[in-house]
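Below: one structure, written as structure tokens.
There are 2 protein chains.
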Amino acid sequence: MEALAALLADRTRAAFCQALMDGRAWTATELATHARVAPSTASEHLTRLIEGGLLVEHRQGRHRYVSLAGPHVAELLEAMTAFAGPKPARGLRAASASEAMARGRTCYDHLAGRLGIALKSGLLELGVVTADLAITSSGLVWLKELGFEPSKRQVSRACLDWTERVPHLAGAAGAHLCQVFFERGWVRRIGTTRAVVLTPAGELGWRELGLAD
Amino acid sequence: MEALAALLADRTRAAFCQALMDGRAWTATELATHARVAPSTASEHLTRLIEGGLLVEHRQGRHRYVSLAGPHVAELLEAMTAFAGPKPARGLRAASASEAMARGRTCYDHLAGRLGIALKSGLLELGVVTADLAITSSGLVWLKELGFEPSKRQVSRACLDWTERVPHLAGAAGAHLCQVFFERGWVRRIGTTRAVVLTPAGELGWRELGLAD
DNA sequence: GGAACGTTTCGGCGCGGGCCGAAGTGTTCC
DNA sequence: GGAACACTTCGGCCCGCGCCGAAACGTTCC
Chain E
621 MEALAALLAD RTRAAFCQAL MDGRAWTATE LATHARVAPS TASEHLTRLI EGGLLVEHRQ
681 GRHRYVSLAG PHVAELLEAM TAFAGPKPAR GLRAASASEA MARGRTCYDH LAGRLGIALK
741 SGLLELGVVT ADLAITSSGL VWLKELGFEP SKRQVSRACL DWTERVPHLA GAAGAHLCQV
801 FFERGWVRRI GTTRAVVLTP AGELGWRELG LAD
Chain F
621 MEALAALLAD RTRAAFCQAL MDGRAWTATE LATHARVAPS TASEHLTRLI EGGLLVEHRQ
681 GRHRYVSLAG PHVAELLEAM TAFAGPKPAR GLRAASASEA MARGRTCYDH LAGRLGIALK
741 SGLLELGVVT ADLAITSSGL VWLKELGFEP SKRQVSRACL DWTERVPHLA GAAGAHLCQV
801 FFERGWVRRI GTTRAVVLTP AGELGWRELG LAD
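Shown next, in the form of structure tokens:
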């Protein structure tokens with residue numbers, strides 16, 4: 621455990637992991653630029669993170685793409701971030717960026733922030749999940765109508781939201797709903813960040829599903 | 621998050637936290653002896669762990685008792701330990717100790733190891749929990765008959781077992797069952813360690829509840 | 001009051017590791 | 001083939017921090 625903590629105890633490696641929480645694959649240079657370190661430094665950090673099982677790489681030509689090793693890594697990182705708590709943003713640019721993140725964002729493969737909490741509330745009112753975020757039997761039927769297929773992965777999981785300090789829906793169900801919302805154009809990323817917004821079509825769609833307030 | 625990781629990235633501090641996973645309060649000297657460092661070193665580490673919100677202290681005369689700050693800390697530590705995976709034990713003494721831990725142990729306030737998995741299987745067959753470790757409505761009734769009272773704390777939670785690599789039952793329900801088993805003398809600690817065994821009375825009790833295989 | 005004990009503060013030592021730049025390898029494009 | 005580019009390896013610098021022992025402080029017990 622101490623070796624795992626040591627991997628995340630470095631400023632640069634922590635920045636890499638936070639960046640990768642958007643669920644996409646980044647190249648080594650992108651991460652180096654993002655964390656403001658030399659490419660050589662980034663290279664060594666990536667090797668260590670991969671050896672530690674936190675990241676996986678995907679080499680393609682002269683590029684080295686890396687991404688989180690799976691949902692279990694994302695869950696661990698989110699749990700640690702939530703424990704540390706939100707730190708006050710410095711500067712106007714950072715403040716508006718963090719406000720956008722607080723409004724709505726992806727947490728690896730599912731929705732988080734106030735948007736994620738709104739989704740949870742809607743699902744609770746519909747009886748899809750319990751207050752503890754466990755899927756009900758009628759909820760499972762509801763999910764299957766939206767194309768959900770149970771797999772080995774845990775269907776539902778509570779993930780503590782680090783901006784709202786309240787659990788939101790993660791696990792296979794959370795990932796599936798997020799995917800469906802993107803496919804239908806109901807949510808859209810703001811630029812290339814993790815922040816997302818509910819589109820007008822999304823508001824309509826949520827209302828039809830009975831998810832809106 | 622990086623600050624939290626830095627706290628756990630030290631060999632000595634990690635040993636302190638692992639020791640405290642038994643749920644009890646330890647004195648500074650006990651922890652210093654356990655981790656084989658000077659009392660002065662232990663003192664500084666404890667101060668930092670408390671400032672970081674991982675531990676809480678309870679001063680009593682010339683003693684400084686410390687314990688984990690709550691179930692959320694225990695859950696985080698267990699998640700990180702499970703991620704790192706079980707490391708092979710060195711030496712006969714260590715091997716038999718780790719075998720005892722694998723057979724059954726407490727994970728802060730609930731049961732883990734093969735005993736914890738057996739409990740989960742029993743609860744699953746009884747229909748108290750689903751395969752995803754969510755409490756069913758009939759399961760809640762069953763728990764209340766054993767004196768369980770719902771609180772603000774999440775009733776059920778999946779906690780990845782670091783020896784069995786399978787989730788076991790944590791949360792308020794897991795803690796309550798563990799407490800009941802201890803009160804009834806169904807489980808007993810081996811010495812002063814985290815390892816526990818099911819007593820003959822426990823085997824009988826589990827059978828009566830329908831928990832045994 | 002005095003001795004024993006648990007804990008804390010401080011000074012100083014030494015190691016681990018994060019950083020960079022320079023040089024080298026492999027890939028792509030012209 | 002040659003230039004541009006992404007990445008890696010290596011050497012060297014330096015800061016952070018974990019460690020201890022000595023000394024001080026507070027509590028307990030006789």
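Those protein sequence lines, which keep their order, are chains E and F.
For reference, each letter of the first sequence is one residue, going 621 to 833 in my numbering.
For reference, each letter of the second sequence is one residue, going 621 to 833 in my numbering.
Where is the CB? At the ideal position from N, CA and C, for every residue including glycine.
On a predicted model such as this, the values are computed, not experimentally measured, just so you know.
Since residue i and residue j should fall inside the 8 angstroms C-beta cutoff, what is the C-beta to C-beta distance between them, to a whole number of angstroms?
i, j, result
"G736 of chain F", "A815 of chain F", "The pair is not a contact, with the Cβ atoms about 12 angstroms apart (cut-off 8 angstroms)."
"H788 of chain F", "A732 of chain F", "6 angstroms"
"L674 of chain E", "L739 of chain E", "With 8 angstroms as the limit, L674 of chain E and L739 of chain E do not qualify as a contact, their Cβ atoms being about 28 angstroms apart."
"A645 of chain F", "V686 of chain F", "6 angstroms"
"A625 of chain E", "M700 of chain F", "7 angstroms"
"H683 of chain F", "T653 of chain F", "About 14 angstroms; that fails the 8 angstroms criterion."
"A704 of chain E", "M621 of chain F", "5 angstroms"
"A813 of chain E", "A722 of chain E", "Before going on, a small fix: residue 813 of chain E reads as Thr here, not Ala. T813 of chain E to A722 of chain E, Cβ: 13 angstroms. No contact."
"A702 of chain F", "D630 of chain F", "Their Cβ separation, rounded to whole angstroms, is 20 angstroms, which puts A702 of chain F and D630 of chain F out of contact at 8 angstroms."
What residues in its chain sit with their C-beta under 8 angstroms from that of residue i, if we drop five residues either side in the sequence?
i, result
"A792 of chain E", "F768, P770, S771, R773, Q774, V775 and S776"
"I810 of chain F", "A720, V816 and V817"
"R668 of chain E", "L627 and R633"
"A778 of chain E", "D752, L753, P787, H788, L789 and A790"
"A689 of chain E", "G673, L674, L675 and V676"
"G643 of chain F", "S687, L688, A694, T726, Y728 and D729"
"C798 of chain E", "T726, D729, H730, L731 and V807"
"L744 of chain E", "T750 and A751"
Buried or exposed: residue i, going by 16 or more other Cβ atoms within 10 Å of its Cβ?
i, result
"A658 of chain F", "exposed"
"G761 of chain F", "For clarity, residue 761 of chain F is Val in the given sequence; the question names Gly instead. The residue is exposed, with fewer than 16 neighbouring Cβ atoms inside 10 Å."
"G711 of chain F", "exposed"
"V748 of chain E", "buried"
"P820 of chain F", "exposed"
"H665 of chain F", "buried"
"V807 of chain E", "buried"
"G759 of chain F", "buried"
"T756 of chain E", "buried"
"T750 of chain E", "buried"
"G681 of chain E", "exposed"
"L824 of chain F", "exposed"
"L651 of chain F", "buried"
When you compare the CB of residue i with every CB in chain E, is at least one pair closer than 8 angstroms?
i, result
"H692 of chain F", "yes"
"L628 of chain F", "yes"
"I755 of chain F", "yes"
"T701 of chain F", "yes"
"L651 of chain F", "no"
"V775 of chain F", "yes"
"M641 of chain F", "no"
"R631 of chain F", "yes"
"M721 of chain F", "no"
"E784 of chain F", "no"
"L789 of chain F", "no"
"L824 of chain F", "no"
Quick check: is the beta carbon of residue i nearer than 8 angstroms to any beta carbon in chain F?
i, result
"D781 of chain E", "no"
"A625 of chain E", "yes"
"E769 of chain E", "no"
"L797 of chain E", "no"
"L688 of chain E", "no"
"E594 of chain E", "The question about residue 594 of chain E has no answer, for chain E in this structure spans 621 to 833."
"L696 of chain E", "yes"
"A732 of chain E", "no"
"A821 of chain E", "no"
Tell me which residues share the same chain as residue i and place their Cβ nearer than 7 angstroms to its Cβ, disregarding the 5 neighbours each side in the sequence.
i, result
"A805 of chain F", "Going by the sequence as given, residue 805 of chain F is Gly instead of Ala. If we look at G805 of chain F and ignore the five residues flanking it on each side, its Cβ neighbours are T819 and A821."
"L697 of chain E", "C637 and M641"
"A795 of chain E", "D729 and H730"
Looking at the ligand FMN, does it come within less than 7 angstroms of residue i, judged from the CB to the closest heavy atom?
i, result
"L666 of chain F", "You won't find the ligand FMN in this model; it holds no ligand whatsoever."
Leaving out five residues on either side along the sequence, give the residues of the same chain with a beta carbon under 6 angstroms from the beta carbon of residue i.
i, result
"A635 of chain E", "A655"
Next item on the list: With 8 angstroms as the limit, tell me which residues of the region 734 to 764 of chain E have their beta carbon closer than that to any beta carbon of chain F; keep them in chain order.
Entry: T750, D752, A754 and I755
Margin query: By the 7 angstroms beta-carbon criterion, what residues does the region 654 to 678 of chain E contribute toward chain F?
Written below: none
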